[in-house]
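Engineer: In the working numbering, the protein residues as written are 515 to 785. Glycine is no exception: its CB is placed at the ideal position from the N, C-alpha and C atoms. Bear in mind the structure is a predicted one, so any value in this text is a computation, not a measurement.
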Amino acid sequence: MTRSELFAQIQKKSSFLCVGLDPDLTKIPRHLLKEEDPIFSFCKQIIEETADFTVAYKPNIAFFEALGPKGWETLAKVEELIPNDIFTIADAKRGDIGNTSKLYAKAFFETMDFDSITVAPYMGKDSVSPFLEFENKWVILLALTSNAGSSDFQLIQNESGQPLYKSVLAKSQEWGSPENLMYVVGATRGELIGEVRKSAPEHFFLVPGVGAQGGSLSEVASYGMNSSCGLLVNSSRGIIYASGEKDFAKASGREAQKLQEEMRILLDKYL
Ligand SMILES: O=c1ccn([C@@H]2O[C@H](COP(=O)(O)O)[C@@H](O)[C@H]2O)c(=O)[nH]1
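The structure is reproduced here in structure tokens:
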């Protein structure tokens with residue numbers, strides 16, 4: 515999916531929501547455990563009830579690969595089920611020496627058909643570039659993450675006082691463009707989201723951390739929105755575990771709709 519196609523979907527649905535698919539066998543409703551593939555049934559029903567309100571789905575690969583070979587089959591089935599006009603993100607946080615990254619990219623962009631993959635920047639250009647060589651596919655580079663430990667490295671300043679996350683933003687813009695490179699920026703980082711926006715004015719940000727991690731959607735929009743929206747705001751647990759009962763899918767749809775309605779107001783305000 516291209517950047518202009520993504521923006522067109524955002525405008526059509528008045529939404530910049532990304533629904534995170536983090537399906538955990540210990541958390542999904544009990545009645546699903548009787549099914550042949552409980553995780554698939556869970557994701558399928560969540561997708562059916564949330565698709566009208568979201569422009570992206572982000573399966574977190576850990577929740578599938580923890581189940582072994584069957585988990586990979588389930589992931590492929592879930593990816594195929596997602597409507598073509600909805601952006602797909604493999605949240606895999608990959609990155610290795612060049613020939614290995616090339617095969618990670620092949621796995622997620624060719625063997626499976628994800629639009630994008632999250633990548634760690636730590637190993638530098640030759641670890642990221644292989645992902646950028648695929649047409650109409652995206653790298654979503656970890657920049658300023660939502661977790662407490664993000665301060666351990668990402669905020670360390672160099673001799674000029676520039677924090678590491680800003681060095682990542684500056685250097686990586688030499689490798690990719692706003693047409694194939696996005697950044698992960700945590701919703702929990704408050705006004706630092708504005709600092710990231712100053713360093714990357716055109717790029718889309720994938721913003722996890724609203725809902726269960728307590729980030730504020732209105733704060734994210736006020737610091738992060740640009741003239742093409744430039745935001746995909748993710749909520750995983752807040753949507754998919756809105757109810758642990760038989761009504762779980764309907765409840766997830768209601769939570770997604772609530773966020774979409776807030777997003778409509780924010781798009782009207784800032785675009
Ligand atoms: O900085 C980051 C990067 C990735 N994540 C992932 O996003 C979701 C958030 O889930 P919630 O349940 O909405 O908190 C999850 O898959 C994380 O691995 C992140 O939280 N922060």
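Between which two residues does the beta strand (DSSP E) holding S665 run?
Structural biologist: Here S665 belongs to no beta strand (DSSP E); instead the alpha helix (DSSP H) covers S664 to F667.
Engineer: Would you kindly work out how many angstroms separate the C-alpha atoms of I600 and P552, rounded to a whole number?
Structural biologist: Using only the alpha carbons, I get a separation of about 23 Å.
Engineer: So which of D640, F645, S766 and N613 has the shortest CA-CA distance to F628?
Structural biologist: Ranking D640, F645, S766 and N613 by Cα distance to F628 puts F645 first.
Engineer: Under the rule that 16 or more other beta-carbon atoms within 10 Å means buried, what is H717, buried or exposed?
Structural biologist: Result: buried.
Engineer: In terms of residues, what are the limits of the alpha helix (DSSP H) holding W498?
Structural biologist: What the structure shows of the chain is the stretch from 515 to 785, and residue 498 is not part of that stretch, so it cannot be assessed.
Engineer: What residue range does the alpha helix (DSSP H) around T632 cover?
Structural biologist: It is not in any alpha helix (DSSP H) - T632 instead sits in the beta strand (DSSP E) that spans S630 to V633.
Engineer: Do the stretch 680-690 and the stretch 557-573 touch if we need at least three Cβ pairs shorter than 8 Å?
Structural biologist: Taking 8 Å as the limit for Cβ pairs, the verdict is that the stretch 557-573 does not touch the stretch 680-690.
Engineer: Shortest alpha-carbon distance to P597 belongs to which of N650, E563 and V721?
Structural biologist: If we check each option's Cα against that of P597, E563 comes out closest.
Engineer: Run through DSSP, which three-state label would Q559 get?
Structural biologist: If DSSP states are grouped into helix, strand and coil, Q559 belongs with the helices.
Engineer: Express the C-alpha separation of R703 and E733 in angstroms, rounding to a whole number.
Structural biologist: The straight-line gap from Cα to Cα measures roughly 10 Å.
Engineer: Buried or exposed: P583, going by 16 or more other Cβ atoms within 10 Å of its Cβ?
Structural biologist: When all chains shown are included, P583 counts as exposed.
Engineer: Let me confirm a value: N694 is counted as buried when at least 16 other C-beta atoms fall within 10 Å, else exposed. Which label applies?
Structural biologist: N694 comes out buried.
Engineer: Just to check, is the beta-carbon of G534 closer than 8 Å to a non-hydrogen atom of ligand 1?
Structural biologist: Yes, the Cβ of G534 comes within 8 Å of a heavy atom of ligand 1.
Engineer: Go through the stretch 726-754 residue by residue and report every complete run of the beta strand (DSSP E) that reaches 3 residues or more, in order.
Structural biologist: Listed in chain order, they are 745-749.
Engineer: Quick check: the Cα distance between N650 and E519, rounded to an integer number of angstroms?
Structural biologist: Answer to the nearest angstrom: the Cα atoms are 11 Å apart.
Engineer: Go ahead and label E769 buried or exposed: buried means 16 or more other beta carbons lie within 10 angstroms of its beta carbon, across all protein chains shown.
Structural biologist: Classification for E769: buried.
Engineer: Sort S741, V747, S736 and L595 by Cα distance to F719 and report the nearest one.
Structural biologist: Comparing Cα positions, the closest option is V747.
Engineer: Taking Cβ to Cβ, would you say F669 is nearer than 9 Å to L656?
Structural biologist: Here residue 669 turns out to be Leu, not Phe, going by the sequence shown. Cβ distance not < 9 Å, so L669 and L656 don't count as in contact.
Engineer: Do you know offhand how far L773's Cα is from E759's?
Structural biologist: Rounded to the nearest angstrom, the two C-alpha atoms are 21 Å apart.
Engineer: Would you mind working out which of S674, M696, S691 and M777 sits nearest V724, comparing C-alpha positions?
Structural biologist: The option with the nearest alpha carbon to V724 is M777.
Engineer: Express the C-alpha separation of A606 and V653 in angstroms, rounding to a whole number.
Structural biologist: Looking at the two C-alpha atoms, the distance is approximately 11 Å.
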